[in-house]
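*Asks:* Handing you this structure, nothing more for now.
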Amino acid sequence: MTARSPKPRRTAAPQVTRKVLKNGVRVNLVRMPHVHRSALDVHVRVGSRFETRRENGISHFHEHMLHRGIPGYPTAHAQALAFEELGAAFGAMTYVDHGVLSCSVPTENLERALELTALLCESPLFNDIAIEKGIVREELLEAYDGDGRLIDGPGILRQLCFGRHPLAMPIAGTRTTLARFDASALRKFHRRHYVGEGLVITLAGPDVERLGRVASRRFAGLPRGREVAAEAPPDQRAAQFRYLSDNTSQTWLGLGFRAPGDRDPDEPATELLMRVLDDGNATRLYRTLSDERGLCYDVSAMYEAYVDVGVLEIVAECTHTSAPRVLTETLNVLTDLATHGPTAEELSRAKARLRWQMLELYDMPTELAAFVGQGVLSDAGVEPEARIDELMNVTEARVREAAARIFRARSSSLVVVGKLDKSAQRKLQAAQAGLGA
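Right under this line is the structure:
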């Protein structure tokens, strides 16, 4: 039976109210009267793409240090207890081009959680730096083998994709850069990034109107500052390949392509292209490499779009001797999509699943706050209903055109980590070079 894009009655979308404070802070209020828990997100323009090589990793380390005390709660334990006694789950994450402070909390305690989060943005104490460095140092070791060699396949793939541009740098930095960070560097970083022009506050839940006024008052004292800028990376003009010998039981293959950014007209089609490739076990990659040929236990695709550029990655693990065939079969799938596009059934199914996933946001304040806040920070955001319409209007032809644009040898990067002889390595490079020929 052919799946068709559903056209049921519209689910009532949460009402989103936006305002900008005098100091530039953007506030989003997402009214969700039916939920019993509220969410608070603070999106910040930080991340490795805004760093220099000398300070690489400071966004990530600063995020760690935000757990190390605020006025009235001077230790990591006291601060954690202050949130947890509210029934809150507080977290912080650093990405390539943004950071997020997030808090999920019972609605009756959202105001107090908001007060604590405001203190984090205003005056973190940065206590116990040496202890936190030890934690991050352990995190960094995960990317190295026992001989101290970097074997982080995803990180090396980004290096090949973006060369000397900051998008190639690791989010967590290096052991060398970590050693440089002190309280002075952290305070300088905080003064630059935690400013009105760099912050987006999002509240989602049943009582956001009143608490929006509290947020406006608590964050109005931040300095306006300036929005940090970032240069777009130069175009990739040649295929990139790197092989790393590693004594593991399987070979790791990472294939990356330069792809459209958030503001590119091909972004919606690329999102659906990725989902035709990998959105469950019935999609192209898993069906071809696992179900039909038994070459991989798992294979996955990911598309990440930044303001000006994106990257589409495909990752698989297999026995060492199967690596050339896994790559060849993967490239055949990509070539077919670039030549013929998806079938009507494939695209219809991808749209249906995507629409259902988008509508799930209406029941999840944490996820909806993240969606709205990130969209506003990147200046590419649309309301969930508008985003659904944008995706549902993508045609088979647009997906094919996006695939033909992306899946070219010169915009590809391939990282292989495993035990392969020279002949197998040459086969991999030849297959990569032949893509789109």
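For the sequence shown, the residue numbers in the working numbering are 349 to 785. Beta carbons are placed, not taken as given, at the ideal position from N, Cα and C, and that holds for glycine.
1) Please state whether DSSP places arginine 357 in a helix, a strand or coil.
2) Under 8 Å: do the segment 735–748 and the segment 402–413 share three or more Cβ pairs, one atom per stretch?
3) In terms of DSSP beta bridges, what is histidine 391 paired with?
4) Can you tell me whether tyrosine 492 is buried or exposed, with buried defined as 16 or more other CB within 10 angstroms of its CB?
5) In its own chain, which residues sit with a C-beta less than 8 Å from the C-beta of proline 582, not counting the 5 before and 5 after it?
6) Assign lysine 770 to buried or exposed, taking buried as 16 or more other Cβ atoms, counted over all protein chains shown, within 10 Å of its Cβ.
7) How long is the line joining the alpha carbons of arginine 357 and glutamate 715, rounded to whole angstroms?
8) State whether the segment 388–397 contacts the segment 437–454, with contact taken as three or more CB pairs (one from each stretch) at a distance under 8 Å.
9) For arginine 735, does the three-state DSSP call read helix, strand or coil?
10) State the DSSP-derived secondary structure class of glycine 723, mapped to helix, strand or coil.
11) Return the chain-ordered list of same chain residues with a C-beta closer than 8 Å to the C-beta of glycine 609, the five sequence neighbours on each side being excluded.
12) Spatial neighbours of glutamate 744 within its chain, please: C-beta separation below 7 Å, excluding the five flanking residues on both sides.
13) From the DSSP secondary-structure annotation, give me the bridge partner or partners of proline 454.
14) Are the segment 405–423 and the segment 463–474 touching by the rule of at least three beta carbon pairs closer than 8 Å?
15) Rounding to the nearest angstrom, what Cα-Cα distance links serine 670 and valine 681 in this structure?
16) Can you tell me which of the three DSSP states phenylalanine 589 falls into?
17) Among Pro732, Lys367, Leu603, which one has its Cα closest to the Cα of tyrosine 710?
18) May I have the straight-line CA-CA distance separating valine 375 from alanine 752, to the nearest angstrom?
19) What does the alpha-carbon distance come out to for the pair glycine 546 and arginine 393?
20) Counting Cβ pairs, one atom from each stretch, are 3 or more of them under 8 Å apart for the segment 746–764 and the segment 458–472?
21) Would you be able to state if there are at least three C-beta pairs under 8 Å between the segment 538–558 and the segment 513–528?
22) Measuring only the C-alpha atoms, how far is valine 373 from glycine 435?
23) Give me, in chain order, the residues of the same chain whose beta-carbon lies closer than 7 Å to that of serine 564; leave out the 5 immediate sequence neighbours on both sides.
24) I'd like the span of the beta strand (DSSP E) that includes cysteine 509, first residue to last.
25) Tell me the DSSP secondary structure of arginine 374 in three-state form.
26) Whole angstroms is fine: what's the gap from methionine 349's alpha carbon to arginine 697's?
27) Is the distance from the Cβ of valine 742 to the Cβ of alanine 617 below 8 Å?
28) What residue range is occupied by the uninterrupted beta strand (DSSP E) comprising glutamine 363?
29) Which residue from Glu486, Val562, Arg497 puts its Cα closest to that of valine 765?
30) For glutamate 486 and aspartate 500, what's the separation of their Cα atoms in angstroms?
31) I need the straight-line Cα distance from arginine 756 to lysine 367, nearest angstrom please.
32) For glutamate 459, which residues of its own chain have a beta-carbon under 7 Å away from its beta-carbon, when the five flanking residues on both sides are left out?
33) State yes or no: is the C-beta of glutamate 640 within less than 8 Å of the C-beta of leucine 505?
34) Let me know the secondary structure DSSP gives methionine 349 once reduced to three states.
35) Rounded to whole angstroms, what is the Cα-Cα separation between threonine 631 and valine 624?
*Replies:* This is what the structure holds:
1) Its pLDDT being 49, under 50, arginine 357 is placed unreliably in this model, and the value from its coordinates should be taken loosely. Three-state DSSP puts arginine 357 in coil, outside helix and strand.
2) Counting Cβ pairs under 8 Å, fewer than three are found: no touch.
3) Answer by DSSP bridge pairing, in chain order: Val448, Val548.
4) With fewer than 16 other Cβ atoms inside 10 Å of its own Cβ, tyrosine 492 counts as exposed.
5) Cβ neighbours of proline 582 beyond the five flanking positions: Gly511, His513.
6) Its Cβ having fewer than 16 others within 10 Å, lysine 770 is exposed.
7) Residue placement at arginine 357 is poorly supported in this model, since its pLDDT is 49, which falls under 50; the coordinates are not used for a value here.
8) As far as the Cβ criterion goes, the segment 388–397 touches the segment 437–454, which means the pair count is three or higher.
9) It is helical.
10) Three-state DSSP puts glycine 723 in a helix.
11) Excluding residues within five positions, the ones whose Cβ falls inside 8 Å are Glu615, Ala653, Tyr654, Val655, Asp656, Val657, Gly658.
12) The residues are Gly689, Pro690, Ala692, Leu695.
13) Looking at the DSSP assignment, proline 454 forms a beta bridge with Arg385.
14) A contact exists between the segment 405–423 and the segment 463–474.
15) Between the C-alpha atoms of serine 670 and valine 681 there is a straight-line separation of about 17 Å.
16) In the structure shown, phenylalanine 589 sits in a strand (DSSP, three-state: E or B).
17) Cα-wise, what sits closest to tyrosine 710 is Pro732.
18) So the alpha carbons of these two residues sit roughly 40 Å apart.
19) Using only the alpha carbons, I get a separation of about 5 Å.
20) Flag = no, the segment 746–764 and the segment 458–472 do not touch.
21) Contact between the segment 513–528 and the segment 538–558 is absent, with fewer than three C-beta pairs closer than 8 Å.
22) Distance from the CA of valine 373 to the CA of glycine 435, rounded to the nearest whole angstrom, comes to 27 Å.
23) Excluding positions up to five away in sequence, the list reads Leu369, Val375.
24) For cysteine 509, no beta strand (DSSP E) encloses it; the enclosing alpha helix (DSSP H) starts and ends at 501–510.
25) In the structure shown, the three-state DSSP call for arginine 374 is strand.
26) With a pLDDT of only 45 at methionine 349, under the threshold of 50, the placement of this residue in the model should not be trusted; the figure read from the coordinates follows. The straight-line gap from Cα to Cα measures roughly 11 Å.
27) Taking 8 Å as the Cβ cut-off, valine 742 and alanine 617 qualify as a contacting pair.
28) Start and end: 363–368.
29) Taking each of Glu486, Val562, Arg497 in turn and checking the Cα distance to valine 765, the smallest one comes out for Arg497.
30) Their Cα atoms are separated by approximately 15 Å.
31) Straight-line spacing of the CA atoms in arginine 756 and lysine 367 works out to 43 Å.
32) So the qualifying residues of the chain are Leu559, Val562.
33) At a Cβ-Cβ threshold of 8 Å, glutamate 640 and leucine 505 do not count as neighbours.
34) Per-residue confidence for methionine 349 stands at a pLDDT of 45, beneath the threshold of 50, marking its modelled position as unreliable; no derived number is given.
35) For threonine 631 and valine 624, the distance between alpha carbons rounds to 6 Å.
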